[in-house]
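Below is one structure, written out as C-alpha cells; the observations come after it.
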Amino acid sequence: MKKGKEKRNWSFIIVAVNILLITLLAVFFFIYNSYYQDNIQKQNLANIQNLNRSSLQLSEKFFENQQKELKNAAQYIIRKNFTVRDALDYLKDANADNASTFEIVGTDGLGYVAEVNERGEYDTVDYTSSDYREFMNIIKDAGANNVSRVGFVPEFTDGHTAVKSFGIQVTVPMRVMNEVSYFTLLSV
Amino acid sequence: MNLIVAGPWSDCKALEDAATDFNRQYPNCHVSYEYLQDFSDTLPKRLESGDEPVDMFLTGNIQKDSPLLPYAAELSSQGEQLELSNTFDGLMENARLQTKDEAEKELFYSIPLGAEVRGMFVNVTLLKSLGLSVPENRAELLEACRVLKENGYVPFQGNPGTFSQQLLYPYCCNLVANAEDYEAAYALIDSRDEQAASLFEEPMRLMYELADEEYYNYKYCETELNLFLDASNEGYARSFLNILETENGYEKKDDLGQVAFMPSVKSLEQLIQQTKEDYHSQIEYEFILAPVGEEGGYAYLSPGRAIAISNQTKNQAWCNRFVSFLLETEHNIKFCDTMGFVPNNKNAMTILSKEFDVPKERISQLGQVTFSYDFYSPLTDALMAVSKSNNPKYMEEQADGSMRMYSFDYYMEQLKKGLTGEAEQENE
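For the record, the sequence lines run as chains A and B.
Our numbering applies: residue 1 is where the first sequence begins, and numbers increase by one.
Our numbering applies: residue 189 is where the second sequence begins, and numbers increase by one.
Here is the structure:
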C-alpha cells in the first residue's frame, strides 16, 4: 500500500512538473513572439520612414531641377524679348525632358503646347471650362507684379494629353503686336 | 490588375463604393475612378492618345453621331460575359443604335447605370414660414405660388434653358404614353400631323400661366436677386440654398432661402446636400415629382449616366465583369441610391412607383415617346419659348410703346410648326 501511494505521489509530481514546463514554454513563447512582433514593427516603421525620407529627397531634387529649368527658360525668353511664337520655337528645341512639356497660357485660359504636331503646328490648349476654376485663379493673375515668381499648380487634367498632371509655373512677359502681355509658362 | 474608369465629376462616391465592393469579391482586381476636367473635350483626347489608357468611361447615350463611338467597344457581341438579364428593357432599348439598318439595330455601345427622374426641389423651410405645406397637385401648387408672390417671392426659379423641360416634360410624355388610345396618340405625333400640338395644350397653358402671373420670372431673378446666374449644377445648388457671391467669396445669406420650387433632376440631390453641409445651411428641402397634374405629379424615366468600355482596353473580360457587377440588382440599387437614380432594373417602374407614391398610370419612359424624328427638341423649344415670354426682350411691342407677352395661340402655333416640321422647312 505504501508503495502504491508513493507511486501515486510521484505520478502527481511528474504531471505537475510537466504542466508547469508546458505553461512556462507557452509563456516564454508568447513573450518572445510579442517581442519579435514589436521588433518587426519597429523595423518596418524605420524602413517606411527611410523610404519616405528618400522619396521626399528625390521629390525635392526633382522639383528643384524642374524649377531651375523653368526659371532658366523664363529668363531667356524675357532677355530676348520674345513673342509667343518665338518662345514656342525656343522651348520646343530647348526641352530635352520627354517626361514634361512646356505650355504657354494667356490670362484668358487659351494657350499653346511647345510641341509640334504632324501638321507642323503647335497644339492649342483651352482651360476656359469652369472645371478649371482653381487652375484659372493662378493663370489669370499673371501680371507685372509676379514676373519670374515660380509657383506650383495643383493637380489638373492637362489640356494637351488629358492626363492627370501637376506642374510648376512662372509669369513671363512676351511681345504681342509691339506691346507687352503677360503669360504663364507652365512646365507640365 | 488595375482598371480605370474616367468620369466628369471631381469624385464619384457611388462608383468608388462599388469599386471597393468589387475588390472585396475579386481581391486581385482594383478599379479606380479618375476625374477628367472639361470631360467632353479631354476624354476623346485621352482615348485617342493611348497614353495612360482608360478602361471604361462614364458617358451619355452613344449613338452614331457621338464623338465617342470610335473609342467604345460594341457590347452586344460580349455575349454571356456581360450579364444584363436584370436590366430594364425601356432603358436598354434606348441604348441600342437608333438606325434604319436592320443589321445594326441590336448593337449598343454604352449601358445606362440607372434612370434620371425629373421633378422639383421644394424649400420646405420657406413654405413653412408662410404657413404652406408641400403641394400635392396643381391647385395646391398654384395656391402656394399665389401666397409666395403676395409675400414678395418668385415661387419658381431656375435657368430658362432647362426649367420648362424639367418641370413639364414628364407631364407631356404621360399625355402620350398613358393616353386612352396610346396607338392613336403615337401615330398622330409620329406622322407629324397638324393636330399633334393640341395634345400638349394643357402643359403649354400651365407654363404660360406661370409666366403671365410671374410665378416664374427668370430675368428678374437674375438681375434683382443675383440667382441662377450660371447654369452649372453648383450654381443651382448655391442659388437654391441662398448662398451668394460676395467680395469674400461665396457666403450663406440666410437659412430661409428665396427659392420655393426649383425644377431639376433627382441626381442633383447629393450636390445640394453636400453644399448644405459645406455652408452649414439649415434649409430643409424635399425632392418631389412636380405636382403639375390635377391629381398629382408625373414620373418619367430617362437614361441617367451610362458606362462604356474602351475598345483599346487590354482588360475587356475584367471590364465586362465589373459592368455586370454594377448591374447586379443589389449593387445597382446601392449605386443608384447614392447617385440619385432609379435603378436600371426590371422592377424600375415598381421601385419608382413606391418611392414617389405615384400610380403606374402616371409613369412613362423614354421608349414610349421615341419617334421617327426628333420629337424632344421642338416640344422643349416651344416650352422654353413660353417660359421666356415675360422677358421684355421676347415680348411684343404695342402701339403705345409698351411691351406685352405674345398670346398663348402664338406659342401653340410655334409648337405646331415644330412638330409638323414646318419650322425646319422655314429655317432652310
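Where a beta carbon is used, it is the ideal one built from N, C-alpha and C, also for glycine.
Asked, Found
"Who are the Cβ neighbours of aspartate 126(A) in its own chain at under 7 Å, not counting the five residues just before and after it?", "Gly109, Leu110, Gly159"
"Does aspartate 209(B) come out as helix, strand or coil in the three-state DSSP assignment?", "helix"
"Measure from the C-beta of valine 153(A) to each C-beta in chain E and report whether the shortest distance is under 7 Å.", "In the structure shown, chain E does not exist; the protein chains are A and B."
"If you count every other CB in all the chains shown that lies within 10 Å of the CB of aspartate 243(B), and 16 or more means buried, which is it?", "buried"
"Would you please verify whether the beta carbon of threonine 230(B) is less than 7 Å from any beta carbon of chain A?", "yes"
"Count the other CB atoms within 10 Å of the CB of glutamine 41(A); is the residue buried (16 or more) or exposed (fewer)?", "exposed"
"Looking at the unbroken alpha helix (DSSP H) that takes in glutamate 474(B), where does it start and where does it end?", "Careful: glutamate 474(B) lies outside any alpha helix (DSSP H), inside the beta strand (DSSP E) at 473-476."
"I need the straight-line Cα distance from arginine 53(A) to lysine 61(A), nearest angstrom please.", "12 Å"
"Tell me the residue span of the alpha helix (DSSP H) that contains tyrosine 223(B).", "Careful: tyrosine 223(B) lies outside any alpha helix (DSSP H), inside the beta strand (DSSP E) at 218-223."
"Span of the alpha helix (DSSP H) holding serine 565(B)?", "564-575"
"Should aspartate 226(B) go down as buried or exposed, given a rule of 16 or more other Cβ atoms within 10 Å for buried?", "buried"
"Would you say alanine 162(A) lies against chain B (beta-carbon separation less than 7 Å)?", "yes"
"Apart from the five residues just before and just after valine 116(A), which ones in its own chain have a Cβ nearer than 7 Å to its Cβ?", "Lys92, Tyr122"
"What did DSSP end up calling serine 165(A) once you bin it into helix, strand or coil?", "strand"
"So what does alanine 496(B) bridge to, in DSSP terms?", "Phe245(B)"
"DSSP three-state call for tyrosine 112(A): helix, strand or coil?", "strand"
"What does the Cβ neighbour count give for phenylalanine 529(B), buried or exposed, with the cut at 16 atoms within 10 Å?", "buried"
"So if DSSP puts serine 452(B) in a beta bridge, which residue, or which two residues, is it bridged to?", "Gly307(B)"
"Going along the chain, which unbroken runs of the beta strand (DSSP E) with 3 or more residues stay wholly within the segment 13-90 of chain A?", "none"
"By DSSP, does proline 547(B) sit in helix, in strand, or in coil?", "coil"
"May I ask you to report which of helix, strand or coil DSSP gives glutamine 470(B)?", "coil"
"Which residues bound the alpha helix (DSSP H) around aspartate 229(B)?", "227-237"
"Could you compute how far the alpha carbon of glutamate 382(B) sits from the alpha carbon of phenylalanine 309(B)?", "36 Å"
"Looking at the secondary structure, which residues open and close the alpha helix (DSSP H) in which phenylalanine 224(A) lies?", "The displayed coordinates of chain A run from 1 to 188. Any statement about residue 224(A) would go beyond what the structure contains."
"Of the choices Lys288(B), Met395(B), Asn535(B), whose alpha-carbon is the least far from that of proline 451(B)?", "Met395(B)"
"Could you give the distance in angstroms between the alpha-carbon of serine 427(B) and the alpha-carbon of phenylalanine 475(B)?", "16 Å"
"Looking at the C-beta of threonine 107(A), does it have a partner C-beta in chain B at a distance below 7 Å?", "no"
"Counting pairs of beta carbons, one from the segment 527-547 of chain B and one from the segment 281-294 of chain B, are three or more of them closer than 8 Å?", "no"
"With 7 Å set as the bound, which would you pick, yes or no: does the beta-carbon of tyrosine 112(A) sit closer than that to a beta-carbon of chain B?", "no"
"Roughly how many angstroms separate the alpha carbons of valine 147(A) and glycine 319(B), rounded to a whole number?", "59 Å"
"Which one or two residues does DSSP pair with tyrosine 438(B) in a beta bridge?", "Glu433(B)"
"For a contact meaning CB atoms closer than 9 Å, what does leucine 415(B) contact in chain A?", "None at all; the shortest Cβ gap to chain A is about 18 Å."
"Take isoleucine 168(A) as the anchor and find which of Ile138(A), Leu45(A), Gln43(A), Ala16(A) has the nearest alpha-carbon.", "Ile138(A)"
"Would you mind telling me which residues of chain A sit closer than 8 Å to arginine 234(B), beta carbon to beta carbon, in chain order?", "Thr161, Ala162, Val163"
"Please report whether the beta-carbon of threonine 157(A) lies at a distance below 7 Å from any beta-carbon of chain B.", "yes"
"Please report the distance separating the alpha-carbon of glycine 606(B) from that of phenylalanine 388(B).", "13 Å"
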